[in-house]
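Trainee: Got a structure for you, questions after.
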Amino acid sequence: MARLFRTTIPKNSHPDDVRMTLGEHLEELRFRLVRALLALFVGAIVCYIFIDQIMGFLVSPMFAVLRRHGIEPRMVALSPSENFITFLKVAFIVGFILTAPYSLMQIWGFIAAGLYPHERRWVNRFAPASIILFFTGACFLLLIASPLLLSFLVSYKTTL
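In our numbering, the protein residues as written are 95 to 254.
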């Protein structure tokens, strides 16, 4: 299995062997941040292309809970620009979530130069697990916790 976080640093290099000036550090940081931001914008554009499917997926737990309680599900826009702004926000948030592994890889590429080889090995072991756990937690929230919470909130409104 290929390593998730590849850097341009030699595998067993010592931090003292790879010295950079402050300007070189800032240039490297700028380069990596620009790449992460470009990935975010590409992810947001792709998400905006599929915004109808994404919104349908995201609101389906709420609609299911409302139907279960006998309430007609519908979305309401209170201003002319609200639909557009909401779709942009959702596209950027979902794009951020989807491009988070790449952005973390860029941050790791910057940080790895200052770590000892044994420290890099620990990060290479735990980083993939943390990304998997992040997406597992997001799915748990969307598929299990949200419907339970929404059901409670909707039934609380109707029992008063």
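The C-beta atom is built at its ideal place from N, Cα and C for all residues, glycine as well.
For L235, which residues of its own chain have a beta-carbon under 7 Å away from its beta-carbon, when the five flanking residues on both sides are left out?
Mentor: none
Trainee: For R97, which residues of its own chain have a beta-carbon under 8 Å away from its beta-carbon, when the five flanking residues on both sides are left out?
Mentor: Its pLDDT being 41, under 50, R97 is placed unreliably in this model, and the value from its coordinates should be taken loosely. So the qualifying residues of the chain are N218.
Trainee: With DSSP as the reference, label R126 as helix, strand or coil.
Mentor: helix
Trainee: Hey, quick one: how far does the alpha helix (DSSP H) through A185 stretch, first residue to last?
Mentor: E176 to I205
Trainee: Between which two residues does the alpha helix (DSSP H) harbouring S173 extend?
Mentor: From DSSP, S173 is part of no alpha helix (DSSP H); its letter is neither H nor E.
Trainee: Take Y196 and list the residues in its own chain whose beta-carbon comes closer than 6 Å to its own, dropping the five residues that flank it on each side.
Mentor: A133
Trainee: Leaving out five residues before and five after V188 in sequence, what residues of the same chain have Cβ atoms less than 7 Å from its Cβ?
Mentor: C141 and I148
Trainee: Output needed for L123: all residues of its chain with C-beta closer than 8 Å, excluding positions within five of it in sequence on either side, in chain order.
Mentor: F204
Trainee: Comparing C-alpha positions only, which one of L198, I145 and S245 sits nearest to V128?
Mentor: Residue nearest to V128 within the set L198, I145 and S245 is L198 (criterion: CA-CA distance).
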